[in-house]
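Numbers 1 to 627, taken from the UniProt record's numbering, label the letters of the sequence shown in order. Note that beta-carbon positions come from the ideal geometry of N, C-alpha and C, so glycine has one too. Reviewing the structure listed below.
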Amino acid sequence: MFWMVFLPLICKLSFLQIIASRDANFLNLENSVTDKIEKSFDTYIVHLSSSGGGFDNSAQSESLESRYAPFLPKNASGLNDASRIVHLYRNVFNGFAARLTAEEAKEMQQKNGLLFARPPKMEGHNNIVLDGGIFPNHPSFSDQGVPPPPAKWKGKCELNGSGCNNKLIGASNFVGGKPGPPIDEEGHGTHIASIAAGNFVENANVFGNANGTAVGMAPLAHLASYKVCASDGCAESDILAGMDAAVQDGVDVISLSIGGAFSRTFFHDVIAIGSFHAIQKGIFVSCSAGNSGPSTASVVNDAPWILTVGASSINRNIWAIAQLENGVGYFGQSAFQPKDFPTTFLPSVYPGAKGGQNAAFCASGSLNNTDVRGKIVVCDRGGEIASTEKGQTVKDAGGAGMILANLEIDGESTIAEINVVPAIHVIFSSGESIKAYINSTLTPRVSFVFEGTMIGIENSPLVASFSSRGPSLSSPGILKPDITGPGVSILAACPLSVENNTNTKSTFNILSGTSMSSPHLSGIAALIKSAHPDWSPAAIKSALMTTSDISNHYNTQPIFDERFQPADVFAIGAGHVNPTKALNPGLVYDIQPDDYIPYFCGLGYKDREIELIIQRSVKCSKINSIT
């Protein structure tokens, strides 16, 4: 039996551009005096050289503390203050995380054996990071038919009561300064875990749409969830601690739906560093490519030993029609289709016609001076504002519903989504026609016709407009993303009922993003590992990429991007995943972790910078570089 671990990020019900913040303060401040004192501290990642001691995964915590003590500042008693330590790393990183002032970190830089000490960046999503963890009582994590954990499993369960079972075999919290059980209170962590390894749940739907049996890619796989995100983001120090524990616990697959704003040099990227040591232990690592598409060179998590996953659509849409009173209708998507919504024509307005850009994007407060009460409001997609936030603005101003209109850059890519008001997401050309109609008459009126779920969409998969694109800024010679997987309008487990139904635990939500596509590949990788237990992470990655599809599911046409143009390699990588073919690829290409060292030298990395990644000294002057 195989198992995997998830380092989830909890976010609101939409995808947004990923950003990074350098400021991290995870302290619970008890009073104003403590507040003034503690704000001078930050959590620093301290990376030691291979000669600095400490990188011994057999060492006990007490031994590591004693090794790292000389690098710590002294307390009032003149002793090195071990209470400053937040995390001790033993598997994927040679060093520790500690609470330091900027002055203490600067002084530490002078000590022999230290490579760097810096505050961790924050990984996550713009203004939408809520929490991390998992909701253990969801039926997707039932252990029916799942055997007991293997003898080699070393993880722990920090859930109160009987939260863990043969399916969910581990759950831990690694958020520095915020103890407590690793419970998911909003949805994203639970969602991605069930995509990869959720058990069978019948009659899964949202408002009756997309009804069927929900099941993850590897329904009989064991699952462990590590909470690494707090309400203000996901600190690199905590991500690293979660990865370190996952390697120690003996997982087979690590799935991360976390990412920064841009590609980084690999020796500055903790996910790249942590995953490099994971693959050395035979652990496959899958990461989301980012949600900053279709901008060129926006892909993240782009180290070549990571499977970097973009997002494509599936062959199911949840249709609705924006019917104009002039007799013309435009198809779009909507997952919120209330039966009590008026079937009559309602007045319609496009605030952007006279209200400026904020009103066009339906930014918060932008409709206060526009009469939208009881009307269908057209809002432009984008502006770094989530569609649910646009819907809330419409609702607060008294609007009856919303038409979300693509910008030209988003083209033909739409999603079905739960919003706070009935909303239809339409393609760019449809949005332009609807705006032209509104501008053409003094009394524009629109009605919503809800069509429900349709299976068999011919132009699928379609690369989502939000899916980040290559080439990789860190290594332009390596194709990224590697592959695409289902990431548009994905129905999966949710800890809360989006329908406010308190009479069931079988609660689901529909979300979109590369956060959803990555766990699809993680689950498939677990199936391949089960079928071929002797395969390396590189061999599994090879099997996935070399068998991927480059034609759509219904004809010989190539897979399209959001422009309805053939998707190029920087949008789709090798292609769209084909799980059946990947199980028996016929031929796999393998590579050993040490084979990357000449590649690092070819990138122009200094010996000291390479040591940050591989945790041992190298001399590029003695190596034939790959250029």
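Counted as a single uninterrupted DSSP element, the stretch harbouring S617 is not any alpha helix (DSSP H), since DSSP gives it neither H nor E.
Nearest to S140 by C-alpha distance, out of I409, V201 and G355, is V201. Using a C-beta cut-off of 8 Å, the region 537-554 makes no contact with the region 503-517, since fewer than three inter-stretch Cβ pairs fall below that distance. When the five nearest sequence neighbours on each side are left out, the beta carbons in the same chain lying within less than 8 Å of the beta carbon of I455 are those of N315 and R316, in order along the chain. In the three-state DSSP reduction, A241 falls in the helix class (H, G or I). Cβ atoms of N578 and S548 come within 8 Å of each other, at about 6 Å. The residue from A400, G398 and I427 with its alpha-carbon nearest to that of E412 is I427.
Looking at the DSSP output, S515 sits in no beta bridge, so it has no partner there.
Closest option to Y44, judged by alpha-carbon separation, among A230, T627, T484 and P119: P119. Excluding sequence positions up to five before and after P181, its CB lies within less than 6 Å of the CB of E158, L159 and N160, all in the same chain and listed in chain order. DSSP, read as helix, strand or coil, puts I403 in strand. In the structure shown, the three-state DSSP call for G274 is helix. Annotation: K435 to N203 spans about 39 Å, alpha carbon to alpha carbon.
Counting along the chain, the unbroken alpha helix (DSSP H) around I438 starts and ends at F428 to S440.
Shown here for I318: same chain residues with a beta carbon closer than 6 Å to its own, the five before and five after excluded, namely N209, Q333, A335, A416 and T453 in chain order.
For Y599, same chain residues with a beta-carbon under 6 Å away, outside a window of 5 residues either side, are I626 in chain order. Around the CB of V328, fewer than 16 other CB atoms lie within 10 Å, so the residue is classed as exposed. Rounded to the nearest whole angstrom, the CA to CA distance from I85 to G176 is 10 Å. Cβ neighbours of R373 within its own chain (closer than 6 Å, five residues either side excluded): G398. When the Cα atoms are used, S298 and S313 turn out to be separated by approximately 19 Å. Scanning I418, D380 and A574 for the CA closest to the CA of S429 turns up D380. For E458, same chain residues with a beta-carbon under 6 Å away, outside a window of 5 residues either side, are Y554 in chain order.
Non-local C-beta neighbours of L491 in its own chain, meaning closer than 8 Å and more than five positions away in sequence, comprise A204, N205, V206, A210, A214, F508, N509 and I510, ordered along the chain. Across the structure, S237 and H87 are spaced so that their CA atoms are roughly 7 Å apart. Of all C-beta pairs linking the region 94-113 to the region 259-266, fewer than three are shorter than 8 Å, placing the two stretches out of contact. Looking at the backbone, the Cα of V463 and that of K390 are separated by about 24 Å.
According to the DSSP assignment, M454 belongs to no alpha helix (DSSP H) but to the beta strand (DSSP E) extending over R445 to I455. Within the region 494-566, the runs of alpha helix (DSSP H) that reach at least 4 residues and sit entirely inside it are, in chain order, 514-531 and 537-546. Between F284 and V309 the beta-carbon gap is near 12 Å, outside 8 Å, which marks them as no contact. A distance below 8 Å between beta-carbons, with the five flanking residues on each side excluded, links P444 to the following residues of its chain, in chain order: L324, E325, P347, S348, V349, Y437 and I438. In terms of CA proximity to S536, D590 leads the group I183, D590, M516 and K581. Nearest Cα to A102 within the set A353, T343 and V46: V46.
Just so you know, the alpha carbons of I597 and S621 end up roughly 12 Å apart. When the beta-carbon positions are compared, N301 and I279 stay at least 8 Å from each other. For the set G155, N173 and K606, the Cα lying nearest the Cα of N166 is the one of G155. If one requires a minimum length of 4 residues, the alpha helix (DSSP H) runs lying completely within the region 79-161 are 102-108, in chain order.
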